[in-house]
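Residues in the sequence shown are numbered consecutively from 3, following the working numbering. Beta carbons are placed, not taken as given, at the ideal position from N, Cα and C, and that holds for glycine.
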Amino acid sequence: MIRRVRPEVVLCDIGLPGMDGYDVARAVRADPDVRQTALVALTGYAAPADVQRAYEAGFDRHLAKPIPPAELGRVLANVEAALGTPDS
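Structural data, given as structure tokens:
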């Protein structure tokens, strides 16, 4: 779906059926067509080892559930700023 839609940012859970979020991140980072997509783990897996594993898999940010909407907004704004705008 990421290859078809080509979003700027993907919020991805870790505990997915079949291919988990770590596998998703590794697949995105290995694909030259979509590797620049910003990946944010939004998950209940929040132990220090889980956070480290998420970054090692290729996530740009790790957010533990539940996340307050204002904090999610700040994260998305920071991702948007890092990506730049089409006019910049």
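(message) Out of V36, A32 and V42, which one is the CA nearest neighbour of N80?
(response) Residue V42 holds the alpha-carbon nearest to the alpha-carbon of N80 among V36, A32 and V42.
Can you tell me whether DSSP reads L74 as helix, strand or coil?
helix
Other residues of its chain near A27: CB distance less than 6 angstroms, five sequence neighbours each side excluded: Short of 6 angstroms from the beta carbon of A27, and not among the five residues preceding or following it, lie these beta carbons of its own chain, in chain order: L41, A59, G60 and F61.
- prompt: When burial is assigned at 16 or more other CB atoms within 10 Å of the CB, is A56 buried or exposed?
  reply: Counting other Cβ atoms within 10 Å of its Cβ, A56 reaches 16 or more and is therefore classed as buried.
Where G75 falls, given that 16 or more other Cβ within 10 Å makes a residue buried:
Counting the other Cβ atoms within 10 Å of the Cβ of G75 gives fewer than 16, which makes it exposed.
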